[in-house]
Amino acid sequence: MAREAVLERLADFRSRVLLVPLDERDGLWTGRFGGLDWIYAFSGDEQLARFAQARGEQGKEWPYRRVVGARILDEVVPALDFPCGVAWDVAGPDGMVFPPLSGFVPERAALDGEVAR
Numbered sequence: 060m061a062r063e064a065v066l067e068r069l070a071d072f073r074s075r076v077l078l079v080p081l082d083e084r085d086g087l088w089t090g091r092f093g094g095l096d097w098i099y100a101f102s103g104d105e106q107l108a109r110f111a112q113a114r115g116e117q118g119k120e121w122p123y124r125r126v127v128g129a130r131i132l133d134e135v136v137p138a139l140d141f142p143c144g145v146a147w148d149v150a151g152p153d154g155m156v157f158p159p160l161s162g163f164v165p166e167r168a169a170l171d172g173e174v175a176r
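Per this note's numbering, residue 60 is the first one in the sequence shown, and the count goes up by one each step.
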């Protein structure tokens, strides 16, 4: 994906109110993939339902919180005590991931940021 297209998708994500599933403690649900933790965020009910179906959990209730994308990247990810990226609409054709790297998350939370060096 060309840099400009990624930046457009990132700007779109940051401006959206997203559905973020909750874990059993009412915290934002994360999953581990590729050696990293990811917060899963969805543009709407349809995208969340597609994700549940892909996991074979379509009959399960998925409580969620509505969170603005910019808040996830700028506040939530840096507040965690472990590296974490964001997976957006990952069960659909337009899914995208924002890894915990500079340009996606603040430097203090980026694996390649000043704190990491």
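Beta carbons: idealized from backbone N, C-alpha and C, even for Gly.
Worksheet item: If you follow the beta strand (DSSP E) that Arg73 is part of, which residue opens it and which one closes it?
Response: Here Arg73 belongs to no beta strand (DSSP E); instead the alpha helix (DSSP H) covers 62-74.
Discussion item. Threshold first: 3 residues or longer. Then list the beta strand (DSSP E) segments lying entirely within the segment 91-127, N to C.
Written reply: 95-100, 123-127
Worksheet entry | Supposed contact pair Arg125 and Leu87 - C-beta distance, whole angstroms, cut 8 Å | Wrong, their Cβ atoms sit about 12 Å apart, outside the cutoff.
Discussion item. If you follow the beta strand (DSSP E) that Gly154 is in, where does it begin and where does it stop?
Written reply: Taken as a continuous stretch (DSSP letters only), Gly154 belongs to no beta strand (DSSP E), as it is neither H nor E.
Item to complete: Out of Asp71, Gly90, Phe101, state which residue places its alpha-carbon closest to the alpha-carbon of Phe141.
Response: Gly90
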